[in-house]
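Q:
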Amino acid sequence: MSFKIESKLPQSGLSIFARMTAAAIQHEAINLAQGFPNFSPPVELFQYLQEAVFNGFNQYAAMPGLPALRNEISKRIESDYLYHANPESEITITAGATQAIYTIISAYIHSGDKAILFEPAYDSYGPAVKVNGGIPIYLRLKLPDFKIPWEELESILNSEKIKIIVINNPHNPAGRILNADDLERMERITKEKDILLIWDEVYDLLVFDGIQHNSALQNKSLMDHSCVVFSMGKTLHNTGWKIGYSIAKPEITNEIRKLHQFTVFSVNTPAQYAIAKFMENHPEFFKSLPQFYQHKRDFFLTQMKDTAFDFLPCEGSYFALATYAKKSTKSDIDFAMELVEKNRVAVIPISAFYHDGYDPLMLRFCFAKTEDTISEAARRLAH
Ligand SMILES: Cc1ncc(COP(=O)(O)O)c(C=O)c1O
Numbered sequence: 387m388s389f390k391i392e393s394k395l396p397q398s399g400l401s402i403f404a405r406m407t408a409a410a411i412q413h414e415a416i417n418l419a420q421g422f423p424n425f426s427p428p429v430e431l432f433q434y435l436q437e438a439v440f441n442g443f444n445q446y447a448a449m450p451g452l453p454a455l456r457n458e459i460s461k462r463i464e465s466d467y468l469y470h471a472n473p474e475s476e477i478t479i480t481a482g483a484t485q486a487i488y489t490i491i492s493a494y495i496h497s498g499d500k501a502i503l504f505e506p507a508y509d510s511y512g513p514a515v516k517v518n519g520g521i522p523i524y525l526r527l528k529l530p531d532f533k534i535p536w537e538e539l540e541s542i543l544n545s546e547k548i549k550i551i552v553i554n555n556p557h558n559p560a561g562r563i564l565n566a567d568d569l570e571r572m573e574r575i576t577k578e579k580d581i582l583l584i585w586d587e588v589y590d591l592l593v594f595d596g597i598q599h600n601s602a603l604q605n606k607s608l609m610d611h612s613c614v615v616f617s618m619g620k621t622l623h624n625t626g627w628k629i630g631y632s633i634a635k636p637e638i639t640n641e642i643r644k645l646h647q648f649t650v651f652s653v654n655t656p657a658q659y660a661i662a663k664f665m666e667n668h669p670e671f672f673k674s675l676p677q678f679y680q681h682k683r684d685f686f687l688t689q690m691k692d693t694a695f696d697f698l699p700c701e702g703s704y705f706a707l708a709t710y711a712k713k714s715t716k717s718d719i720d721f722a723m724e725l726v727e728k729n730r731v732a733v734i735p736i737s738a739f740y741h742d743g744y745d746p747l748m749l750r751f752c753f754a755k756t757e758d759t760i761s762e763a764a765r766r767l768a769h
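Once you know that position 265 of the sequence shown is 651 in this note's numbering, the rest is easy, because the numbers rise by one and skip nothing.
1. Count the other CB atoms within 10 Å of the CB of residue 689; is the residue buried (16 or more) or exposed (fewer)?
2. Measure the C-alpha to C-alpha separation of residue 575 and residue 540 and round it to an integer number of angstroms.
3. Using C-beta distances below 6 Å, list every residue in its chain close to residue 471, excluding the 5 sequence neighbours before and after it, in chain order.
4. Measuring alpha carbon to alpha carbon, tell me which of 643, 603, 610, 581 ends up nearest residue 616.
5. Here's the rule: buried if 16 or more other CB atoms are within 10 angstroms of the residue's CB, otherwise exposed. What is residue 658?
6. Return helix, strand or coil for residue 619, following the three-state DSSP convention.
7. Quick one: using the 10 Å Cβ neighbour count with 16 as the cut-off for buried, is residue 583 buried or exposed?
8. Rounded to whole angstroms, what is the Cα-Cα separation between residue 568 and residue 624?
9. Classify residue 485: buried if its beta carbon has 16 or more other beta carbons within 10 angstroms, exposed otherwise.
10. Is residue 748 helix, strand or coil by DSSP?
11. Find out if the Cβ-Cβ distance for the pair residue 660, residue 435 is shorter than 7 Å.
12. Just to confirm my understanding: we take residue 770, look at its own chain, exclude 5 residues before and 5 after, and list those with CB closer than 8 Å. What are they?
13. Can you tell me whether DSSP reads residue 501 as helix, strand or coil?
14. When DSSP labels each residue in this structure, what does residue 634 get in the three-state scheme?
15. Is DSSP giving residue 765 helix, strand or coil here?
16. Starting from the N-terminal side, write out each stretch of the beta strand (DSSP E) that is 3 residues or longer and does not extend beyond the segment 581–619.
17. Is the separation between the beta-carbon of residue 770 and that of residue 731 shorter than 7 Å?
18. Tell me whether residue 554, by its Cβ, gets closer than 6 Å to a heavy atom of ligand 1.
19. Which residues in the same chain have their Cβ closer than 6 Å to the Cβ of residue 755, if we skip the five residues on either side of it in sequence?
20. Can you look up residue 472 in the DSSP assignment and give me helix, strand or coil?
21. Could you round the C-beta distance between residue 619 and residue 482 to whole angstroms and report it? I think they count as a contact, below 8 Å.
22. Just how far apart, CA to CA, sit residue 822 and residue 612?
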């Protein structure tokens, strides 16, 4: 057969995430590579899910999402960020944050348009730009603190027409957060330039040490040309439910929904119902999340003290980065492979988050795991 396929993503192969998971299974390793909890979501969610299916919430939801869920989200956004998101015209429920980001990029990027992506970057941004005919411009966050390279950014904005900038805050994999000055500066340099800012804030409730998350939603002027994306999976320990949402002014939301209706149309109804009920009846759960994950981070770092890894500060998200110079001079991929084979612990090499394979010799550990799992991983990695 000579069926010719002209790939739109010729460079995309099996991701390092899939490779590490396969290696973890093969070597019966503890998997700290996968970015999801290995503990249960709150049991009340299951009861609400059951209630949903038995009470007839089994057909298509409204295209932008179940009204009850959009109302609950609006309440939480008002309370957390003092932003009034109109449930009718500004909130759209999506199949996870990934779909939200893909849909927004598809709605705004025309062939040849340029999008700025900061690296290390969540792996879906680049392909979403490219498949729509856009051109990603990759800027490296400045090590060791993963700061935005402001001079470089400003000089590009002054010399090129940029359509979109994607900002991830709190940051995966760096575990760093932006401060209020960063947001103000972003506002100053992008306003009146017709640039859509996509804020990936899926870890907004996972911020530690009493630090407040600075959301784009708190800056009125930024919201004139921003879309902010969240993920229920990251907050309810249920990444497999794939429910996320976007918030943007009505004119921007309108464009997103034009695409949303023809790609996903509407998102899993019973899951939306269950989450709405949970949000309504258990607001304390969300308030306790920073403490819950801060405890996990601290437990993880204490357990890892007897290893040869040097951990970088982790202010938010459920990832911690470590350098391993004391242990090896190998590339991050080779060293991660060695760890999974010899120590039977899987982690992610950071070069996977750079389009050109740049290797700052760091590994990403996910600490959204039970204490038993974390302790056993630390024991296996101890020198
Ligand atoms: C930075 C970032 N954005 C988006 C997502 C995707 O979220 P969802 O599972 O809701 O699609 C993830 C998941 O790992 C992430 O780390």
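All residues carry an ideal CB built from backbone N, CA and C; glycine is no exception. In this text the structure is predicted, and so the values were computed from the model without any measurement.
A: With the structure as the only source:
1. buried
2. Cα to Cα, residue 575 sits roughly 7 Å from residue 540.
3. Excluding sequence neighbours, residue 471 sits near 460, 463, 477, 633.
4. 603
5. buried
6. Residue 619 falls in the helix class under three-state DSSP.
7. buried
8. 31 Å
9. buried
10. strand
11. Contact flag set, yes.
12. This structure cannot settle anything about residue 770, because the visible part of the chain is limited to 387 through 769.
13. strand
14. strand
15. helix
16. 582–586, 612–617
17. Beyond the ends of the chain as shown, which are 387 and 769, falls residue 770; an answer cannot be given.
18. yes
19. 424
20. Note: residue 472 maps to coil in three-state DSSP.
21. 6 Å
22. Residue numbering for the chain in the displayed model covers 387 to 769; residue 822 lies beyond these limits and cannot be assessed.
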